[in-house]
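Taking it in order: structure first as structure tokens, then the write-up.
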Amino acid sequence: MSIDLHRDVLATHPVFDGHNDLAWELRERFASDPRAAGLLDQPILHTDVPRLRAGGVGAQFWSVYVPSDQDPAAATVAVLEQIDVVRRLVATHPDVLAWTPTAPDVREALAAGRIASLVGAEGGHSIAGSLGVLRELRRAGLAYLTLTHHDNTPWAASATGEPVDHGLTGFGRDVVREMNRTGVLVDLSHVHERTMHDALDVTTRPVLFSHSSCRAVTDHPRNVPDAVLERLPGNGGVLMVTFVPAFVAAPGADRATLHDVVRHLEHAREVVGIEHVGLGGDYDGTDAFPDGLGDVSRYPALLQALADRGWSAADLRALTCGNALRVLAEAQDGTSVD
Numbered sequence: 001m002s003i004d005l006h007r008d009v010l011a012t013h014p015v016f017d018g019h020n021d022l023a024w025e026l027r028e029r030f031a032s033d034p035r036a037a038g039l040l041d042q043p044i045l046h047t048d049v050p051r052l053r054a055g056g057v058g059a060q061f062w063s064v065y066v067p068s069d070q071d072p073a074a075a076t077v078a079v080l081e082q083i084d085v086v087r088r089l090v091a092t093h094p095d096v097l098a099w100t101p102t103a104p105d106v107r108e109a110l111a112a113g114r115i116a117s118l119v120g121a122e123g124g125h126s127i128a129g130s131l132g133v134l135r136e137l138r139r140a141g142l143a144y145l146t147l148t149h150h151d152n153t154p155w156a157a158s159a160t161g162e163p164v165d166h167g168l169t170g171f172g173r174d175v176v177r178e179m180n181r182t183g184v185l186v187d188l189s190h191v192h193e194r195t196m197h198d199a200l201d202v203t204t205r206p207v208l209f210s211h212s213s214c215r216a217v218t219d220h221p222r223n224v225p226d227a228v229l230e231r232l233p234g235n236g237g238v239l240m241v242t243f244v245p246a247f248v249a250a251p252g253a254d255r256a257t258l259h260d261v262v263r264h265l266e267h268a269r270e271v272v273g274i275e276h277v278g279l280g281g282d283y284d285g286t287d288a289f290p291d292g293l294g295d296v297s298r299y300p301a302l303l304q305a306l307a308d309r310g311w312s313a314a315d316l317r318a319l320t321c322g323n324a325l326r327v328l329a330e331a332q333d334g335t336s337v338d
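In structure tokens form, the structure reads like this:
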């Protein structure tokens, strides 16, 4: 397959990535000031404007992460501050970025050649056990909520939290129902396998895994078992395969490569079908990335590797943004925060 094919794909279907931690890096390194970050050329980060353009990124779920061991009330404040960082990031680069909390907004930005910018809160601790806070975060533009981060919440078990005898509690099920009602995507990255199943039992809208890979390929608790993946076609959701080396490396390998990510993508396509696979790089969320995928400019190299293995133009269009945009639209259609 020619190199021009993936360029043609990106021209009409740029990458809609599931997870990027730039906002936290701006908080930690630049006092939450996007202007101070110098994102027209910033080599200490994995993300800057020229590399987003070179990578063919057309839409980004920016993570508004806060540590899961924070006091819940403090976490709520911090996640609102993180949303503010993303809003100011967009305002700093209005010719490149667009604030797009809804699927129609994303489509409008794509048509205008600007990078659609949405926010996802990484961890249910940030709602402080309150459905009212969840609704206010939605009004502030929240597009997805990851039900847990590294630790359990009182209502949901994390993949890496202390062992508990539940996935979702009754209140956790209420959270999922309210997310469905208000148009917040249910993100199942970081959660325990039982939480995945419980959420899929409750939700009436498609879910996503914003940055997870396949446990059958790399046996890591942050990855998704095939028994869960097999439920995605019935739900309509999408697995956004991540690039984090610990989640994609071959057993016993010292480092990960681009071809390890290809293995996860091909396994996911085999199990769930091309309509349920996407990309969630997790750039600026960990220190190192697989060889060949060192920053956000490297998506074309991954698409070329897939094309070389026989992925069609239609496959690549679904992978880059078709599936993510469909899931966002289906999660939001007909919803209200009133």
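Under the numbering used here, think of the first position of the sequence shown as 1, with each following residue one higher.
All C-beta atoms, glycine included, are put in the ideal place defined by N, C-alpha and C.
Member of the options whose CA lies at the smallest distance from the CA of residue i
i, options, result
"Ala73", "Gly183, Ala103, His125 and Val184", "His125"
"Ala246", "Asp219, Phe171 and Val262", "Asp219"
"Thr76", "Leu137, Ala91, Arg51 and Phe61", "Leu137"
"Cys214", "Gly58, Thr102 and Val262", "Val262"
"Leu10", "Ala329, Ser336 and Ala318", "Ala318"
"Val224", "His6, Met240 and Val96", "Met240"
"Pro154", "Leu168, Gly141 and Leu145", "Leu168"
"Ser32", "Pro50, Leu134, Ala78 and Ala256", "Ala78"
"Thr335", "Leu26, Glu178, Asp71 and Ser68", "Glu178"
"Leu97", "Gly58, Ala305 and Gly141", "Gly58"
"Val64", "Ala37, Gln332 and Glu28", "Glu28"
Bridge partners - residue i, DSSP secondary structure assignment
i, result
"Ser117", "Gln60 and Trp99"
"Thr153", "Ala156"
"Leu145", "Ala121 and Val186"
"Asp315", "DSSP, once it has assigned bridges, lists no residue as partnering Asp315."
"Asp17", "Gln60 and Leu279"
Assumed close pair residue i, residue j - CB separation to whole angstroms, cut-off 8 angstroms
i, j, result
"Gly120", "His19", "7 angstroms"
"Pro340", "Val85", "For the chain, the structure presents residues 1 to 338; residue 340 sits outside this window and is missing."
"Thr148", "His190", "5 angstroms"
"Arg139", "Val296", "29 angstroms between Cβ atoms; not a contact."
"Leu325", "Ala103", "6 angstroms"
"Ser68", "His150", "5 angstroms"
"Val248", "Pro290", "7 angstroms"
Residue j beta carbon less than 9 angstroms from that of residue i
i, j, result
"Asp198", "Arg222", "no"
"Gly280", "Asp17", "yes"
"Gly161", "His192", "yes"
"Ala227", "Thr195", "no"
"Leu188", "Ser212", "yes"
"Asp284", "Trp24", "yes"
"Gln265", "Ala301", "First, the amino acid is wrong: residue 265 is Leu here, not Gln. Cβ atoms of Leu265 and Ala301: not closer than 9 angstroms."
"Val202", "Val238", "no"
"Val175", "Ile127", "yes"
"His267", "Val207", "no"
Review point. Can you list, in chain order, the stretches of the alpha helix (DSSP H) that have 4 or more residues and sit fully within the stretch 163 to 247?
Key: 170 to 182, 193 to 202, 226 to 229 and 232 to 235
Practice item. May I have a chain-ordered list of the alpha helix (DSSP H) segments no shorter than 4 residues that lie completely inside the stretch 28 to 85? Key: 34 to 37 and 49 to 54
Check your understanding: Going along the chain, which unbroken runs of the beta strand (DSSP E) with 3 or more residues stay wholly within the stretch 254 to 290?
Key -> The DSSP assignment places complete beta strand (DSSP E) segments of no fewer than 3 residues inside the stretch 254 to 290 at 277 to 279, in order along the chain.
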